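Remarks on the structure that follows.
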Amino acid sequence: MGLRKFSLRAFLKKNFDFITGILSEVGLTAAIMVVAFAICVLLVFIMR
Amino acid sequence: MIPSLTREDLKIIGYNLRNAFYITGVFLLVPIVVAAVYREFNTVPYFLIGSALAFIIGNLLSFFLRTEKEMEVKHAIVMVALAWLIAPLLASIPIWLANATASYLDAGFEAISGFTGTGLTVATGIDYMSHSINFLRHFLQFVGDGVGILVISLSILGRTEMSSVLAFKGESKDVGIRPSVVRTSRIIIGIAVTFLIIGTVLFTIAGIREGLDPGTAVFDGLNHSMTGYATGGFSTHSQNLLYYHSILFEVVAVILMIIGALNFNLHYAVLGGKRKEILKNIEVKVLLFWLLATGLIVSANLLNTNVYSSVEALFRKGVFHAISAQTTTGFQTVYPSHFALVWPALSIFVLSIAMIVGGSANSTSGGIKMLRVGVLFKSFKREVKRLLLPRSAVVTGSFHHIEDTPLTDKVVAGAALVAISYIVFFSIGTMITAAHGYSLEDSMFETSSALGNVGLSCGITSPAMPATLKVTYMFLMWAGRLEIIAVLVLMGFVILGLRRGIKK
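Below, the structure is given as structure tokens:
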């Protein structure tokens with residue numbers, strides 16, 4: 002009954018800030034990992 | 002002059018302490034669900050005994066010490082310090098009865114390590130431990146360090162605003178998200194549960210991808226998600242995350258560790274739509290700097306000393322442990338003996354500093370905290386500026402943490418006091434460990450791990466460790482979780498009572 006009324010668009014609109022907030026935090030962790038990986042590549046390139 | 006202790010003081014503390022007993026009693030019932038799922042009915046009485054004891058003592062306190070008087074700051078701080086001792090003591094009962102540790106002292110060590118979100122373990126046969134007891138270890142980290150015992154008790158039982166605010170301060174979760182403390186504590190729980198679900202899903206996918214059966218993948222995923230977000234570091238396997246040899250597992254762990262090390266206020270602002278806060282916040286900036294600096298120094302040192310030579314190894318060992326140490330999680334992908342015997346001294350030293358410095362304030366991580374480090378750095382900058390400018394110049398400073406805050410002498414003094422306390426406790430802990438015959442660098446590493454509530458180990462922590470060292474680390478874990486000041490207040494309270502007696 003409840004599922005029939007469920008609208009993905011309405012759900013996303015209602016929780017937009019929350020979802021983008023979580024994506025921002027996960028994005029921050031991804032950015033840290035990418036920078037850290039780049040540092041490792043540079044280190045191996047420079048020191049080897 | 003400090004007023005003498007009265008019986009009313011003890012009544013207020015004891016009466017308010019009853020909530021910690023009740024909530025621990027509820028916590029100890031949760032693993033029964035896991036016991037039922039895995040048909041481990043032999044462990045059910047252990048949880049029931051622990052829970053019943055908690056409710057009986059809570060009711061006795063409620064009956065004999067009933068008082069309508071409000072708590073003052075001193076009562077709240079002493080109450081919180083005692084709650085963080087009592088809850089682990091009760092939680093250690095099922096661990097001890099299930100023979101998961103060699104002695105009751107070890108069970109107490111395991112429970113304190115759990116509740117404080119440290120992750121150092123003296124449990125025996127973790128790989129063969131019953132699911133319900135293993136779940137309890139992880140659950141303790143989630144409810145203890147991930148959310149906070151008193152935060153949960155406030156959200157469920159509620160309290161008058163004044164008492165609640167004071168209890169928050171004592172538990173190092175001085176979060177001014179909302180005017181209502183009960184609502185604030187519910188928001189903290191909501192944030193924790195959100196990331197718990199996300200982490201469990203990601204770990205489960207990683208587990209299935211690595212060949213685990215779905216049941217094991219969900220169990221391991223849930224447990225690692227609880228300890229990852231709580232920056233606790235317990236694992237369902239004795240080899241910790243090394244057991245999986247999986248980069249997927251490690252990437253999910255890194256995501257959870259960093260998110261767990263972020264400030265609750267920041268979570269609330271970002272999840273509420275203030276996404277730019279993540280780039281402006283002083284704590285995020287300092288955390289990023291420390292994480293990358295620690296990762297860079299450790300990786301360069303490991304490469305230079307030929308411990309690891311490939312990019313992948315540097316990332317999965319050097320950077321991973323830098324993040325694990327800095328966020329005070331303690332997930333480990335090398336054997337403890339590797340730290341002691343293979344890793345160079347510089348890496349061990351840098352990781353030790355990272356563990357003491359820790360993650361964000363009002364987060365699940367331990368240590369001195371990034372906000373304080375940022376404030377101290379800003380104050381150094383201000384002092385240098387003041388010396389360079391003419392005498393008549395007025396030098397002010399500010400920092401951005403959710404809102405622009407002036408850098409007052411009171412803020413700087415508070416940050417310096419906590420930082421100095423950590424350095425003093427770290428020095429004493431290192432000396433005690435070294436006095437047991439361990440090398441200075443290993444002693445520094447293990448002490449900073451205990452005091453910073455981290456859980457990385459170079460092998461000192463084990464069931465065979467001397468009892469005096471176990472007690473020392475239990476004290477350090479407890480003191481570190483309470484950011485030391487609460488412990489000093491409790492000590493002052495006891496000394497005051499012993500010197501002047503307790504007045505009517």
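These protein sequences, in sequence, are chains A and B. Mind the numbering: the first sequence is residues 2 to 49 in the numbering used here, read in order. Mind the numbering: the second sequence is residues 2 to 505 in the numbering used here, read in order. Each residue gets a CB set at the ideal place from its N, CA and C atoms; glycine is no exception. Treat the numbers as computed from the prediction; the structure is a model and nothing was measured.
Beta-carbon spacing of residue i, residue j below 9 Å
| i | j | result |
| --- | --- | --- |
| residue 402 of chain B | residue 377 of chain B | no |
| residue 399 of chain B | residue 285 of chain B | no |
| residue 297 of chain B | residue 44 of chain A | yes |
| residue 334 of chain B | residue 350 of chain B | no |
| residue 120 of chain B | residue 228 of chain B | yes |
| residue 292 of chain B | residue 33 of chain A | yes |
| residue 193 of chain B | residue 255 of chain B | no |
| residue 55 of chain B | residue 23 of chain B | yes |
| residue 502 of chain B | residue 5 of chain B | yes |
| residue 225 of chain B | residue 139 of chain B | yes |
| residue 337 of chain B | residue 458 of chain B | yes |
| residue 103 of chain B | residue 464 of chain B | yes |
| residue 422 of chain B | residue 485 of chain B | yes |
| residue 454 of chain B | residue 295 of chain B | no |
| residue 265 of chain B | residue 198 of chain B | no |
| residue 94 of chain B | residue 141 of chain B | no |
Opening and closing residue of the alpha helix (DSSP H) in which residue i lies
| i | result |
| --- | --- |
| residue 400 of chain B | Segment 399-402 is the beta strand (DSSP E) holding residue 400 of chain B; no alpha helix (DSSP H) there. |
| residue 33 of chain B | 32-38 |
| residue 296 of chain B | 283-305 |
| residue 391 of chain B | Segment: none, residue 391 of chain B is in no alpha helix (DSSP H) and carries neither H nor E. |
| residue 269 of chain B | 265-272 |
| residue 434 of chain B | 410-436 |
| residue 327 of chain B | 321-327 |
| residue 459 of chain B | Note, residue 459 of chain B: premise wrong, no alpha helix (DSSP H); not H, not E. |
| residue 34 of chain A | 17-48 |
| residue 214 of chain B | Premise fails: residue 214 of chain B is in no alpha helix (DSSP H) and is neither H nor E. |
| residue 94 of chain B | 74-98 |
| residue 60 of chain B | 45-65 |
| residue 107 of chain B | 105-116 |
| residue 473 of chain B | 468-482 |
| residue 365 of chain B | Careful: residue 365 of chain B lies outside any alpha helix (DSSP H) and carries neither H nor E. |
| residue 355 of chain B | 346-358 |
| residue 135 of chain B | 132-142 |
| residue 339 of chain B | 337-342 |
| residue 261 of chain B | 248-261 |
| residue 235 of chain B | Element bounds for residue 235 of chain B: n/a, residue is neither H nor E. |
| residue 128 of chain B | Residue 128 of chain B -> no alpha helix (DSSP H), and no H or E assigned at all. |
| residue 442 of chain B | 441-452 |
Bridge partner(s) assigned by DSSP for residue i
| i | result |
| --- | --- |
| residue 405 of chain B | B:401 |
| residue 503 of chain B | B:6 |
Residue i versus residue j - alpha carbon distance
| i | j | result |
| --- | --- | --- |
| residue 89 of chain B | residue 116 of chain B | 6 Å |
| residue 497 of chain B | residue 145 of chain B | 29 Å |
| residue 406 of chain B | residue 416 of chain B | 14 Å |
| residue 7 of chain B | residue 80 of chain B | 15 Å |
| residue 235 of chain B | residue 397 of chain B | 44 Å |
| residue 365 of chain B | residue 261 of chain B | 6 Å |
| residue 202 of chain B | residue 212 of chain B | 15 Å |
| residue 410 of chain B | residue 379 of chain B | 12 Å |
| residue 258 of chain B | residue 222 of chain B | 14 Å |
| residue 20 of chain A | residue 374 of chain B | 31 Å |
| residue 68 of chain B | residue 13 of chain B | 6 Å |
| residue 71 of chain B | residue 425 of chain B | 34 Å |
| residue 24 of chain A | residue 469 of chain B | 46 Å |
| residue 161 of chain B | residue 73 of chain B | In this prediction, residue 161 of chain B has a pLDDT of 45, which is less than 50 and means its spatial position is unreliable; what the coordinates show is noted afterwards. So the alpha carbons of these two residues sit roughly 12 Å apart. |
| residue 326 of chain B | residue 340 of chain B | 13 Å |
| residue 487 of chain B | residue 357 of chain B | 18 Å |
| residue 504 of chain B | residue 495 of chain B | 14 Å |
| residue 283 of chain B | residue 66 of chain B | 44 Å |
| residue 11 of chain B | residue 83 of chain B | 12 Å |
| residue 491 of chain B | residue 25 of chain B | 21 Å |
| residue 218 of chain B | residue 482 of chain B | 31 Å |
| residue 12 of chain A | residue 281 of chain B | 29 Å |
| residue 3 of chain B | residue 77 of chain B | 17 Å |
| residue 26 of chain A | residue 36 of chain A | 16 Å |
Query raised in the report: Counting Cβ pairs closer than 8 Å, one from the stretch 55-62 of chain B and one from the stretch 16-25 of chain B, do we hit at least three?
Result: yes
Query raised in the report: On the three-pair Cβ rule with 8 Å, is the stretch 423-430 of chain B touching the stretch 472-480 of chain B?
Result: yes
**Report entry** Segment contact, 8 Å Cβ cut-off, at least three pairs: the stretch 182-198 of chain B with the stretch 119-128 of chain B
**Finding:** no
Requested in this report: Specify whether the stretch 25-40 of chain B and the stretch 130-145 of chain B touch according to this definition: at least 3 beta carbon pairs, one from each stretch, less than 8 Å apart.
Outcome: yes
Query raised in the report: How about the stretch 99-113 of chain B and the stretch 459-476 of chain B: do they share at least three Cβ pairs that are nearer than 8 Å?
Result: yes
Query raised in the report: Any contact of the stretch 266-282 of chain B with the stretch 237-250 of chain B, i.e. 3+ C-beta pairs under 8 Å?
Result: no
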